[in-house]
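Numbering (the working numbering), first residue to last: 68 to 259. C-beta atoms are modelled at their ideal positions from N, C-alpha and C, and glycine is treated no differently. Taking it in order: structure first as structure tokens, then the write-up.
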């Protein structure tokens, strides 16, 4: 009969360390799930302006119109590009047709969340605004709130548009927002 092969002294320890590394990696991947898919919910409050972050999707614009109709504000800023992919300001009805409230359509520079909040801050300074409602999609709410807290001196209420995500969209948003959070904390910690 053959003797069982004896384990080397380092083998069980190496296996335990490997398992711990895998568990730590999985937990690290799960950290962004809450802020991305289950952001804290704000309640709309009357504000000086409503800002729709780009892209100006139908659900975002519909929520903005609803809030304007309900009297939460009389001013709207739509962040939309002059040209390129997605809905440009020239293709957005609220930007090109007369409205019963004041509408400004602008492309921030840079055309990023950080740039859009910087644009809001600039407009707020020019117009003596001290409050804003910011509209985006659910996975983007927490990051938009992060930039609003960093870069907008007034009171910001950040709302998700309530649009549903397909499984493919959820995977994309998880990857995109996780990378964007890393960028926000590592490479672009200030304001635009």
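For the beta strand (DSSP E) that contains residue 185, what are its first and last residues? Taken as a continuous stretch (DSSP letters only), residue 185 belongs to no beta strand (DSSP E), being part of the alpha helix (DSSP H) at 180–194.
For residue 217, report the span of its beta strand (DSSP E) as first-last. Counting along the chain, residue 217 falls outside any beta strand (DSSP E), though it belongs to the alpha helix (DSSP H) covering 208–218.
Using a Cβ distance threshold of 8 Å, determine whether the segment 189–200 contacts the segment 105–123, with at least three qualifying pairs required. Output reads yes: the segment 105–123 touches the segment 189–200.
Under 6 Å Cβ to Cβ from residue 142, same chain only, skipping five residues before and after it: list those, please. Closer than 6 Å at the Cβ level, and outside the excluded window around residue 142, lie 116 and 169.
Give me the residue from 258, 107, 125 and 124 with the minimum Cα distance to residue 220. Distance check between residue 220 and each of 258, 107, 125 and 124 places 258 closest, using alpha-carbon atoms only.
Would you give the residue range spanned by the beta strand (DSSP E) that residue 162 belongs to? Premise fails: residue 162 lies in the alpha helix (DSSP H), 160–163, not in any beta strand (DSSP E).
Beta-carbon contacts of residue 127 that lie in its chain and below 6 Å, excluding the five residues immediately before and after: 119, 202 and 228
Check residue 81 in the structure and name its three-state DSSP category. helix
Look up residue 247 in the DSSP assignment and say whether it is helix, strand or coil. Three-state DSSP puts residue 247 in a helix.
Bridge partner(s) assigned by DSSP for residue 116: 199
Below 8 Å, can you find three or more Cβ-Cβ pairs linking the segment 152–159 to the segment 224–243? no
Could you give the first and the last residue of the continuous alpha helix (DSSP H) run that contains residue 142? Residue 142 -> not in any alpha helix (DSSP H); beta strand (DSSP E) instead, spanning 142–146.
With respect to the beta strand (DSSP E) encompassing residue 226, which residues constitute its N-terminal and C-terminal limits? Residues 222–227.
Can you give me the C-alpha to C-alpha distance between residue 197 and residue 111, rounded to a whole angstrom? 15 Å
Anticipated Cβ contact below 8 Å, residue 174 with residue 214, distance rounded: Not confirmed; about 17 Å, so no contact.
Using the DSSP secondary-structure output, state which residues sit across from residue 171 in a beta bridge. 144
Could you tell me if residue 207 is buried or exposed, where buried requires 16 or more neighbouring beta carbons within 10 angstroms of its beta carbon? buried
Can you tell me which of the three DSSP states residue 235 falls into? The answer is helix: DSSP assigns residue 235 an H, G or I state.
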